[in-house]
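Data block below; observations after.
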Amino acid sequence: MSQATASIDIQAPLKTVYEVISDFEAYPEFLSETKQVVVEKKSGKQARVSFTLQLIKKINYTLDIKLNPPHGLSWSLVQGDIMKSNTGHWKLTEDKKGHTKADYAIDMDFGAMVPRAISNKLIDSNLPTMMKQFKDRAEEIA
């Protein structure tokens, strides 16, 4: 298992940040590694979403996502071509200035196909860029 957490302060209201993190189909517009997103189904506070990322190689996976508007969301893996597990969450809190603190956590396992040292490096090197891309998108919209 590879685990990582990150936090970032975003100069945008909580509602705006939530809209950005939950607009899955827009991810390819601002997340450089995300090539395709398909919302397979969405009802109420649940969604099933398939992602295609281009990291070292193309990775396809599907997540069940539980929405907790406007405070965040959590997910778990349904299926993936090389992932054995993928769970995590976004937790959003708004400060007195109307800015949002976004906390992100992920716990991922690629199995025997990808050694832990490589998966840790993959997550650690991509996470700061991803967080900045979410921040930039929310601040641009705000």
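Under my numbering, the first residue of the sequence shown is numbered 2, with each subsequent residue one higher.
We put the beta carbon where it would ideally sit given N, CA and C, even for glycine.
Predicted, not measured: the structure shown is a model, and the values here were computed from it.
Limits of the unbroken alpha helix (DSSP H) element including residue i
{"i": "Leu15", "result": "Leu15 to Ser23"}
{"i": "Phe31", "result": "Tyr28 to Phe31"}
DSSP three-state assignment for residue i, whether helix, strand or coil
{"i": "Glu34", "result": "coil"}
{"i": "Gly99", "result": "coil"}
Element boundaries [beta strand (DSSP E), containing residue i]
{"i": "Gly73", "result": "Gly73 to Gly81"}
{"i": "Gln55", "result": "Gln47 to Gln55"}
Paired residues, beta bridge with residue i - DSSP
{"i": "Thr6", "result": "Ala106"}
{"i": "Gln134", "result": "In the DSSP output, where bridge partners are listed per residue, Gln134 has none listed."}
{"i": "Asn61", "result": "Thr53"}
{"i": "Gly89", "result": "Trp76 and Ile107"}
{"i": "Ile124", "result": "According to DSSP, which records beta bridges pairwise, Ile124 is partnered with nothing at all."}
{"i": "Ile66", "result": "Ala48 and Trp76"}
{"i": "Ile11", "result": "Thr101"}
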